[in-house]
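Residue numbers (my numbering), protein chains in the order written: chain A, 24 to 335; chain B, 723 to 1027.
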Amino acid sequence: MLSFILRRFVSMIVTLWLIITLTFFLMHAAPGNPFEKEGKGLPDAVAANLNAFYNLDKPLIVQYGLYLQNLVKFDLGPSIANSSDTVNKIIARGFPVSFQLGLVAILFAIVTGIALGVVAALRHNRLIDYVAMVIAVIGISVPSFVLASLLIKYLAVEWKLFPTATWGTWQHVVLPALALAFSPIAIIARLTRTNMLEVLTAEYIETARAKGLSPATIVFKHALRNAILPVVTLLGALIANILTGSFVIEKIFAIPGMGKYFVAGINNRDYSVIMGTTVFYSTLLIFMMFIVDVLYSIIDPRIKFHGKEREG
Amino acid sequence: MIVSDELFTPMRKDNLSAEAIVRPQLTYWQEAWLRLRGNKLALAGLVIIIILGVMAIAGPIISPHDYAKQSMITKNQPPSAENWFGTDDFGRDVFTRVWHGARISLFVGLMAALIDFFIGVLYGGIAGYLGGRVDNIMMRFVDILYGLPYLLVVILLMVVMGSGLVTIIVALSATGWIGMARTVRGQVLQMKNSEYVLAAKTMGAKPFYIVRKHLLPNTIGIIIVYVTLSVPSAIFAEAFLSFLGLGIQAPMASWGTMANDGLPTILSGHWWRLFFPAFFISLTMLAFNVLGDGLRDAFDPKTRR
């Protein structure tokens, strides 16, 4: 058990180091000088000063070393587009908003997805099952930005139930969270339904029924517990899905989150912001995946701790 | 009535085998097709994909308009007999642009899936077949890559390489092959240790024969399913990138860029500019997803749900 966590931890560190290195060298291989805007060259002295400020005058490998050193101190460096701003400040501004939105979306997705899947499985081949599966198929097929525009058009503009865009009150969270959660709901619902159907035919469920347990006890204590295990493995991927998906959703709803700054960074070619955001999000995601894996091994003791024989 | 002996003919011996109670021998493909044919939803998906493909080729040809020709007089026209899907804010015909976009979106999806297929099968196949230390090293590397957030890496690559059709495909396949490699490797590893492969080896079958006769036929189903399902995810990723302004550059347009351009029309009421590209993205994703699910059931009836 402990060796599994340790092994998983080491592999997490290696992945992290890889993404940081990859991001660093990719960003430095990017064409163009970030200070040159639309062909306007800077005076040599200014350029030299800027290069010195961003450590760009040093050899690449030294810059890399400095970057790693600062990362260990959780310092992601200054922004290139706006030198008085640092990437840390940008994250401090944007992340709480994105985190709120993401958290609401993921909780909503998990609760609705599992509920939909369970109900569909219990009413297999009845109307509610078909409705749930239609929702699931739509959720997988319709991109979130299409759904977001539909939500804005009907729920916000025509029926005026929710504000159209921006951020502030709890009403502002509803539509973007819904748009963000829709495809994870579909994925979770499908998976839960499949597993529930399988589990419900198992012998121990039969035994529980024969013992005269109430249907609620059977469903919640015996069936669901086993059926949602695979959902736990998916959580890491779903969180990644929601985090990156929020780039688009934040753009549509004009939400001042990480996505907004990231997209702005892309458009301004602000390499330190792109790099910082990527490293930050990757760290977050990789850490989440680590937690999920460890959680899973605790929940399901059948999982093999030694050797990576996760086949198929 | 007199029944004379001449009325009887002796039964031919080889007809006897027809009496045996066996169903006609079907090949793997015939059986899969038979199961797929029974799945109405998957067939509908296949038909939609074929229609979309035909329209992507024929659409811009049958339309009297040019996809890039601008006209300020006819801008933002609703759908009519002249412009079937209306016109956009530069007066360009949306019908022509939608099918031009279909070419690009489908091309990106198919190319990315194809590259994933080649790299993934080769990598996974070699790792699974050789096994042991080679497999361990190759898969450790894949595990590390697997932990990287897919879309972030794609965005990063797009920023560095600049936007464009080729770079999108390269960026998408740079990380897309990993899932395929894992799947193929798992399957090959499982097959390699099965009794019939062992039996074939004992009888002196050469490695190439085993790969061709045993490993390939038993993996091909899963591979086809995987390829089918990776097409929509590539199309989706392209739309996503275009939406962030990293995709295809004007005057070319994919469905993603068109939807992005059409986004402000939610408020202005020019609904056709968002509706048509959004509708066709969704339809394509739906068609490939149901076909992929259908193929999975058809190739592997054991996992039937």
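C-beta: ideal position from N, C-alpha, C; glycine also.
Just so we're clear, the structure is a prediction, and the values are computed from it rather than from any experiment.
Beta-carbon neighbours of I163/A, restricted to chain B and to distances below 9 Å: Your numbering for residue 163/A matches position 140 in the first sequence. Here the neighbours are P954, M1007, L1008 and N1011.
Please identify the residue among L873/B, L828/B and P973/B whose C-alpha is closest to the C-alpha of L966/B. As a position in the second sequence, residue 966/B is number 244, starting the count at 1. Per the Cα distances, L873/B.
Under 9 Å (Cβ pairs) to chain D, residues found in the region 847 to 879 of chain B: Although the question refers to chain D, the structure presented lacks it and instead comprises the protein chains A and B.
Short-range partners of chain A found in the region 961 to 981 of chain B, where Cβ spacing is below 8 Å: A961, F962, F965, L966, G967, L968 and A981
When the Cα atoms are used, what is the spatial distance from K234/A to G847/B? Start at 1 with the first residue of the first sequence, and residue 234/A comes out as number 211. Start at 1 with the first residue of the second sequence, and residue 847/B comes out as number 125. C-alpha separation (whole angstroms): 49 Å.
Is there a Cβ of chain B sitting closer than 8 Å to that of M311/A, yes or no? Position 288 of the first sequence, counting from 1, holds the residue named residue 311/A. It does not: the Cβ of M311/A has no partner Cβ on chain B nearer than 8 Å.
Does T224/A come out as helix, strand or coil in the three-state DSSP assignment? Locating residue 224/A in the first sequence gives position 201, counting from the first residue. The answer is coil: DSSP assigns T224/A none of H, G, I, E or B.
Go ahead and pull the three-state DSSP assignment for D857/B. Against the second sequence, residue 857/B aligns to sequence position 135. D857/B: helix per DSSP, three-state reduction.
On the premise that F817/B lies in contact with F829/B, defined as a C-beta separation below 8 Å, what is that separation, rounded to the nearest angstrom? The residue given as residue 829/B occupies position 107 in the second sequence. The residue given as residue 817/B occupies position 95 in the second sequence. Contact annotation, F829/B with F817/B: C-beta distance approximately 19 Å; criterion of less than 8 Å not satisfied.
Spatial neighbours of L258/A in its chain, beta-carbon cut-off 7 Å, leaving aside the 5 residues before and after: Numbered from 1 along the first sequence, position 235 holds the residue referred to as residue 258/A. Answer for L258/A: V315, listed in chain order.
Is the Cβ-Cβ distance between M913/B and T941/B less than 8 Å? Here residue 913/B refers to the residue found at position 191 of the second sequence. Here residue 941/B refers to the residue found at position 219 of the second sequence. In contact: M913/B and T941/B (Cβ atoms closer than 8 Å).
Span separating the alpha-carbon of V254/A from that of I784/B: Along the first sequence, one-based indexing puts residue 254/A at 231. Along the second sequence, one-based indexing puts residue 784/B at 62. Linking V254/A to I784/B through their CA atoms gives a straight-line distance of about 48 Å.
Taking all protein chains shown into account, do 16 or more other C-beta atoms lie within 10 angstroms of the C-beta of I795/B, making it buried, or fewer, making it exposed? By 1-based counting over the second sequence, the position of residue 795/B is 73. Classification of I795/B: exposed, given that the 10 Å Cβ count is below 16.
Which value, in whole angstroms, describes the spacing of the CA atoms of M156/A and A143/A? Within the first sequence, residue 156/A is the residue found at index 133, counting from 1. Within the first sequence, residue 143/A is the residue found at index 120, counting from 1. Going by the C-alpha atoms only, they are around 8 Å apart.
Can L41/A be considered in contact with the ligand ADP, in the sense that its beta carbon sits closer than 7 Å to one or more heavy atoms? The ligand ADP is absent from the structure shown, which contains no ligand whatsoever.
9 Å Cβ cut-off: residues of chain B touching P166/A: In the first sequence, counting from the first residue as 1, residue 166/A sits at position 143. Within 9 Å Cβ-Cβ: F958, A961, F962, F965, G978, A981, A1000, I1003, S1004 and M1007.
At the level of alpha carbons, what is the spacing between I837/B and A956/B? Translated into positions along the second sequence, residue 837/B becomes position 115. Translated into positions along the second sequence, residue 956/B becomes position 234. Looking at the two C-alpha atoms, the distance is approximately 11 Å.
Does the beta carbon of L985/B come closer than 8 Å to any beta carbon on chain A? Position 263 of the second sequence, counted from the first residue, corresponds to residue 985/B. Yes, its Cβ sits closer than 8 Å to a Cβ of chain A.
3 or more residues per run - each beta strand (DSSP E) lying fully within the region 951 to 988 of chain B: none
Within 10 angstroms of the Cβ of E61/A, are there 16 or more other Cβ atoms? Answer buried if so, exposed if not. Position 38 of the first sequence, counted from the start, is the residue given in the question as residue 61/A. In this predicted model, E61/A has a pLDDT of only 48, less than 50, meaning its place in the structure is not dependable; the value taken from the coordinates is given anyway. When all chains shown are included, E61/A counts as exposed.
Locate the alpha helix (DSSP H) running through F840/B, then write down its first and last residues. What you label residue 840/B is simply residue 118 of the second sequence in a count that begins at 1. Unbroken alpha helix (DSSP H) run through F840/B: V816 to L852.
Counting Cβ pairs closer than 8 Å, one from the region 43 to 51 of chain A and one from the region 296 to 303 of chain A, do we hit at least three? yes
Reference F243/A; option with closest CA among I262/A, A260/A, F27/A and L223/A: Residue mapping note: residue 243/A aligns to position 220 of the first sequence, counting from 1. When only C-alpha atoms are compared, the closest one is L223/A.
Restricting to runs no shorter than 3 residues, where is the beta strand (DSSP E) found entirely within the region 918 to 954 of chain B? Not a single unbroken stretch of the beta strand (DSSP E) spanning 3 or more residues falls wholly within the region 918 to 954 of chain B.
Under a CB-based cut-off of 8 Å, is L996/B close to chain A? Against the second sequence, residue 996/B aligns to sequence position 274. Yes, L996/B lies at the interface with chain A (some Cβ there is under 8 Å from its Cβ).
Against chain B, with Cβ distances strictly below 8 Å, would V37/A count as a contact? Residue 37/A sits at position 14 when you count from the first residue of the first sequence. It does; some Cβ of chain B falls within 8 Å.
Quick check on G898/B: buried or exposed, where buried means 16 or more other Cβ atoms within 10 Å of its Cβ? For the purposes of this step, residue 898/B is identified with residue 176 of the second sequence, where counting begins at 1. Under this definition G898/B is a buried residue.
Closer than 8 Å to chain A by CB, V949/B: As a working mapping, residue 949/B is identified with position 227 in the second sequence. For V949/B, the answer is no, since every Cβ of chain A falls outside 8 Å of its Cβ.
Of the residues I945/B, T950/B, V910/B and A1000/B, the one placed nearest V933/B, counting alpha carbons only: Here residue 933/B is taken as the residue at index 211 of the second sequence, counted from 1. Cα-wise, what sits closest to V933/B is V910/B.
For the alpha helix (DSSP H) that H51/A lies in, which residues bound it at each end? For this step, residue 51/A is matched to residue 28 along the first sequence. L25 to A52 is the extent of the alpha helix (DSSP H) around H51/A.
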